[in-house]
Every structure is written in structure tokens, then in C-alpha cells.
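Residue numbers (my numbering): 1075 to 1146.
Beta carbons are placed, not taken as given, at the ideal position from N, Cα and C, and that holds for glycine.
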Amino acid sequence: MELTQLMDEVRSTRDQGKLWTRTRELLDEARKELEVREENWTEAGRKEGTPEHELVRALQWRVATIKEFLSL
């Protein structure tokens, strides 16, 4: 879901319970997508010293930060 669609949904929802439930669903979807992407990045960056490896390390750090935020 695009951010603009999410914001439209938030603006149109008056029921706070429904809004919280939907927000948790979207965060769970984002967490699952990050896990799949992280697995793909790990495969691509197994060889140390390559540009891909450095990119993967940076992405893994960012993913860890995002996962920490999503788990709040």
C-alpha cells in the first residue's frame, strides 16, 4: 500500500479501534516484506569484500532499525 493511500484511509477512519487494528495489520505486512527482502539481500551479499556485501550490511542495519520500530 502506498503512503498516500494509507494517509487517505487514516483520514477517513473515525473508529480508533479499527484504525489501530488496521495500522497493526499494515505494520505486520511491512515486517514480513522486510524479512523476505532481507533473506534475498543476505544471499546476494555472502561474498565479503564485494560492493554487494557492503550494501547488504548497510541494508541489514536499516532493516534491524525498522524492525525495532515496527515492534513498538
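As assigned by DSSP and simplified to three states, the class of residue i
i: Arg1131; result: helix
i: Lys1141; result: helix
i: Gly1123; result: coil
i: Arg1111; result: helix
i: Asp1102; result: helix
Residue i vs residue j beta-carbon contact at 9 Å
i: Gln1134; j: Glu1112; result: yes
i: Leu1144; j: Arg1105; result: yes
i: Thr1087; j: Arg1096; result: yes
Where residue i falls, given that 16 or more other Cβ within 10 Å makes a residue buried
i: Val1110; result: exposed
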